[in-house]
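Just below is one structure, and these are the notes that go with it.
Numbering (the working numbering), first residue to last: 146 to 302.
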């Protein structure tokens, strides 16, 4: 069974636009690069041709990746639900008990994860530990350096 990708409506739109760009614009640009490189003659010693073919390989690889995502996705609904528990789309403020620091994260699908900007994947150990928790809950995350304890301070949709 194919992997199911969880996407926000915004991320879905971005991926669809990227796929459209790759199919309509970028594919033609790469074909033109190959055509131009071929005109330089002997393909066995033609670095421009090799580079253009590598670019074509990267393009088709990204298109195949996007095709897989766009054929196996589920849109994360941002609607209000009963209860203020942590789920996909939640913005969570936690207190790191060791350093007494507040941190805010958004729980997202794996395709949108960007930990450096506060977007945590639901598939990450931290994301998995937070799912289903409510304000006031204590969470222990098994990190490489050992267990880290947090307290959930705030859950927002």
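The beta-carbon is built from N, C-alpha and C at its ideal position, and this holds for glycine as well. None of these values were measured; they are calculated from a predicted model.
Straight-line gap, residue i to residue j (C-alpha atoms, nearest Å)
i: residue 281; j: residue 237; result: 12 Å
i: residue 200; j: residue 242; result: 48 Å
i: residue 260; j: residue 215; result: 23 Å
i: residue 148; j: residue 213; result: 9 Å
i: residue 252; j: residue 272; result: 7 Å
i: residue 250; j: residue 264; result: 6 Å
i: residue 268; j: residue 244; result: 25 Å
i: residue 187; j: residue 180; result: 13 Å
Cross-strand partners of residue i (DSSP beta bridge)
i: residue 311; result: Lying before the first or after the last residue shown, residue 311 is absent from the chain, which here runs from 146 to 302.
i: residue 291; result: 288
i: residue 150; result: 218
i: residue 239; result: 248 and 297
i: residue 259; result: 264
Proximity of residue i and residue j at Cβ, strictly below 8 Å
i: residue 194; j: residue 182; result: yes
i: residue 150; j: residue 217; result: yes
i: residue 234; j: residue 302; result: yes
i: residue 275; j: residue 231; result: yes
i: residue 178; j: residue 197; result: yes
i: residue 204; j: residue 170; result: no
Sequence-distant residues of its chain with Cβ nearer than 6 Å to residue i (five each side left out)
i: residue 285; result: 292 and 294
i: residue 297; result: 239, 278, 280 and 282
i: residue 156; result: 257
i: residue 246; result: none
Sequence-distant residues of the same chain with beta carbon closer than 7 Å to residue i, five excluded per side
i: residue 229; result: 279, 280 and 300
i: residue 158; result: none
i: residue 172; result: 204
Own chain partners of residue i with C-beta closer than 8 Å, once the 5 adjacent residues on each side are dropped
i: residue 211; result: 160, 163, 164 and 167
i: residue 153; result: 220, 221, 223, 234, 253, 254 and 257
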